[in-house]
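> Take a look at the following structure, please.
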Amino acid sequence: MSENTTRTTTTRRGFVYSYHYTAPKDGKPTILFLHGFPSTHQDWAAQTTYFSDKGYGVIAPDLLGYGDTDAPEDANKYWLVDMAGDIVDILDDLGVDKVIGVGHDWGSALLSRLINIQADRILGVAFVAVGYWEPQPEFSIDAWIETFNKLVGYDVWGYWKFFEADDAHAVIEKHASSFSAFLAFPNDPAVWRSDLAPLNKAREWVEQNKQLPTAPFWTAEKQEAHKEALLKKGLRGPCNWYRGFMSEGNKAAEASIKKEAYSINIPTFFAAALKDYVCVAELHKEGTRSFCSNVAIKDFDTGHWIMLESPNELNEALGNFIATLQK
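Laid out in structure tokens, this is it:
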């Protein structure tokens with residue numbers, strides 16, 4: 008069994024990041040796991056255990072705003088380019104030159120920016136449920152709602168308006184069980200199509216404290232631990248990922264990335280969630296293929312949380328991909 012430790016790094020921006028770290032053995036590479044919303048590094052528990060037991064190094068941070076990492080109230084501290092710089096600071100602090108990056112949800116977006124600004128630090132990348140996300144210097148949530156409504160046939164982006172709202176974190180904190188258990192981890196993934204994604208529906212669900220059965224993998228024990236971790240510093244930080252991304256400052260930061268950095272030649276793997284009704288698999292496949300010249304794709308018959316719903320299958324797929332990087 009590998010020795011797992013919790014460490015902290017203070018980044019050049021002055022933020023303290025907490026992360027799970029296991030040193031590699033026998034010359035094996037280190038894998039960086041980046042979680043999404045609304046989560047902590049614990050989302051990756053099945054993966055970090057599996058790969059550390061095989062001798063791989065593992066770095067799994069609580070990202071900015073989550074868990075034991077700092078949670079600044081200013082949304083302008085959550086620009087992707089800047090947070091990617093924070094991750095580089097962690098690698099430097101550990102003396103890790105190159106990593107294999109694995110991202111899920113917002114972690115995929117952050118991993119994308121890490122590639123954009125420091126591709127030389129990445130041996131290979133794996134995106135889970137959410138594919139590669141190129142820089143968005145002209146992002147408009149209204150335009151995206153309209154465009155993707157036409158592409159998919161229903162609204163997949165309206166919920167961003169709730170998470171961006173000034174009171175979103177307070178509403179979610181007040182009804183934490185309704186949000187974190189029944190909306191984020193529902194037994195029926197199609198609930199996202201009807202009650203999460205469309206404009207105003209997520210707010211309506213949470214404010215009415217609606218309840219539904221949770222997914223089988225989301226046990227009562229996991230739910231309580233997740234809720235405790237989220238409420239430890241509140242939901243302002245997690246919601247700031249949305250607020251920060253939609254800010255004018257972030258658009259300028261995205262515009263600072265050179266166009267030639269948009270396309271990537273790094274070996275890439277995408278795990279597509281066929282029952283994800285928000286991060287629609289076919290759209291993320293297309294987007295990833297458009298910018299990644301060396302990509303392998305595997306379909307998973309799951310909802311958004313592949314690493315929780317089918318951990319063994321994902322571990323095997325990631326292991327097969329990582330093996331190709333070592334040849």
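Residue numbering for the sequence shown follows our numbering, beginning at 8 and increasing consecutively. All residues carry an ideal CB built from backbone N, CA and C; glycine is no exception. If you're wondering where the values come from, they're calculated on a predicted model, not measured in any experiment.
1. Residues in the same chain with beta-carbon distance under 7 angstroms from alanine 175, minus the five sequence neighbours each way, listed in chain order, please.
2. Grab the span of the beta strand (DSSP E) containing histidine 27 for me, first residue to last.
3. Do you know how far the Cα of glutamate 153 is from the Cα of arginine 14?
4. Is the CB-CB distance between asparagine 194 and alanine 222 below 9 angstroms?
5. Start and end of the beta strand (DSSP E) containing phenylalanine 134?
6. For the segment 19-27 against the segment 283-294, do three or more pairs of beta-carbon atoms, one drawn from each stretch, fall closer than 8 angstroms, so that the two count as touching?
7. Run through DSSP, which three-state label would alanine 126 get?
8. Since valine 109 and phenylalanine 40 should fall inside the 8 angstroms C-beta cutoff, what is the C-beta to C-beta distance between them, to a whole number of angstroms?
9. My guess is that leucine 242 and glutamate 180 are in contact by the Cβ rule of under 8 angstroms, so how many angstroms apart are they, rounded?
10. What are the boundary residues of the beta strand (DSSP E) that histidine 111 is part of?
11. Does the beta-carbon of phenylalanine 276, which I'm using as the reference point, lie nearer than 8 angstroms to any heavy atom of the ligand ADP?
12. For the beta strand (DSSP E) holding isoleucine 273, just list the boundary residues, first then last.
13. CA-CA distance, serine 119 and alanine 30?
14. State whether the segment 194-213 contacts the segment 264-278, with contact taken as three or more CB pairs (one from each stretch) at a distance under 8 angstroms.
15. Among all the DSSP beta bridges, which residues are the ones paired with isoleucine 38?
16. If you reduce the DSSP assignment to three classes, tell me which class aspartate 306 lands in.
17. Between which two residues does the beta strand (DSSP E) holding threonine 15 run?
18. I want to know whether the segment 274-281 touches the segment 122-133 - three or more CB-CB distances under 8 angstroms.
19. Would you kindly report the start and end of the unbroken alpha helix (DSSP H) that includes lysine 292?
20. Residues in its own chain within less than 6 angstroms of asparagine 257 by CB, not counting five upstream and five downstream?
21. If isoleucine 304 sits next to alanine 280, beta carbons under 8 angstroms apart, how far is it from one beta carbon to the other, in whole angstroms?
22. Is alanine 136 near aspartate 162, with beta carbons less than 9 angstroms apart?
23. By DSSP, does proline 220 sit in helix, in strand, or in coil?
24. Going by beta-carbon coordinates alone, are glutamate 253 and tryptophan 167 separated by less than 9 angstroms?
25. So what does DSSP say about methionine 8, is it helix, strand or coil?
26. By DSSP, does proline 318 sit in helix, in strand, or in coil?
27. Within 10 angstroms of its Cβ, does glutamine 215 collect 16 or more other Cβ (buried), or is it exposed?
28. So, using beta-carbon positions, are alanine 67 and threonine 55 closer together than 9 angstroms?
29. Report the rounded CA-to-CA distance for leucine 71 versus glutamate 289, giving the unit in angstroms.
30. In the DSSP assignment, what residue or residues form a beta bridge with alanine 280?
31. Between the beta-carbon of leucine 237 and the beta-carbon of serine 300, is there less than 9 angstroms?
32. Could you pull the DSSP bridge partners for proline 193 from this structure?
33. Report the CB separation of proline 144 from alanine 262 in whole angstroms; it is logged as a contact under 8 angstroms.
Considering the structure as presented:
1. Phe169 and Cys246
2. 23-29
3. 43 angstroms
4. yes
5. 129-135
6. no
7. helix
8. 5 angstroms
9. 5 angstroms
10. 106-111
11. Looking at this structure, you won't find the ligand ADP or any other ligand, since it has none at all.
12. Segment: none, isoleucine 273 is in no beta strand (DSSP E) and carries neither H nor E.
13. 24 angstroms
14. no
15. Val65 and Ile107
16. strand
17. 12-17
18. yes
19. 288-298
20. Trp86 and Gly251
21. Between alanine 280 and isoleucine 304 the Cβ distance is about 12 angstroms, and since that is not below 8 angstroms, they are no contact.
22. no
23. coil
24. In the sequence under discussion, the amino acid at residue 253 is methionine, which differs from the glutamate named in the question. Yes. Within cutoff.
25. Here methionine 8 scores only 37 on pLDDT, less than 50, and its place in the model should not be relied on; the value that follows carries that caveat. The answer is coil: DSSP assigns methionine 8 none of H, G, I, E or B.
26. helix
27. exposed
28. yes
29. 29 angstroms
30. Phe307
31. no
32. Thr221
33. 4 angstroms
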